[in-house]
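Below is one structure, written out as structure tokens; comments come after it.
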Amino acid sequence: MSIINTHKNMINLYYSSESQLGKKVYAYLNDSDKELLAIDVTKTNVTGTQWKTISDQLNIPIRNLIDVNLSDLEFNEKETANFSQDDWIKILNKTPQVLNHPVVIHENKYYLIQDAQEALKFIEDPSAGIDERKK
1 MSIINTHKNM INLYYSSESQ LGKKVYAYLN DSDKELLAID VTKTNVTGTQ
51 WKTISDQLNI PIRNLIDVNL SDLEFNEKET ANFSQDDWIK ILNKTPQVLN
101 HPVVIHENKY YLIQDAQEAL KFIEDPSAGI DERKK
């Protein structure tokens, strides 16, 4: 059983409401007919196991989920080279606003959203625009 629950007609969104991109993606997905489970990481605690699942499913290291330029913490390349996966999880849990991009989970597939327009593919109806009178 997966740590993160998904459903065919549901979209899971992990995002930071403190990021412009996160707010835009949330707005797009919230306008969808599909059920949205939006997890604002600045208001809801995400477990280390969930972060690990997300990074594994995206096939990226946990550190790649973090925008080190947004943190009040002083990061330098030499220091972070020695950070463990657990260190990066602690950073995400203590300063969740450093999540660099929203993560969408749809139909058991994970997507790192780098542009708000990417969210449109989850809400557009493939039959949109078909003239119903031409049946």
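In UniProt numbering, the protein residues as written are 1 to 135.
Every residue, glycine too, gets a C-beta built ideally from N, C-alpha and C.
Rounded Cβ spacing between residue i and residue j (contact assumed at less than 8 Å)
i, j, result
"H106", "I3", "Wrong, their Cβ atoms sit about 17 Å apart, outside the cutoff."
"L21", "A116", "6 Å"
"L13", "Y26", "6 Å"
"L29", "F122", "6 Å"
Top-ranked residue by Cα proximity to residue i, from the options
i, options, result
"E35", "Q117, G22, D115, V104", "V104"
"T44", "S16, E118, K24", "S16"
"S32", "V46, I91, N9, K94", "N9"
"D56", "N108, L120, E118, A119", "N108"
"residue 136", "D87, N93, I39", "This structure leaves residue 136 out entirely; the chain is present only between 1 and 135."
"N5", "I39, D67, E18", "I39"
"T95", "K23, H7, V68", "V68"
Paired residues, beta bridge with residue i - DSSP
i, result
"A38", "L13"
"Y111", "V104"
"I66", "L99"
Residue i and residue j closer than 8 Å at C-beta
i, j, result
"Y110", "I54", "yes"
"K52", "I60", "no"
"T42", "Q97", "yes"
"H101", "I113", "yes"
Three-state class that DSSP yields for residue i in the structure shown
i, result
"A119", "helix"
"E132", "Low confidence applies to E132: its pLDDT is 43, below 50, so where it sits in the model is not reliable, and the reading given next is rough at best. Here E132 sits in helix by DSSP."
"D87", "helix"
"T47", "coil"
"I54", "helix"
"K8", "coil"
"N82", "coil"
"N30", "helix"
"L92", "helix"
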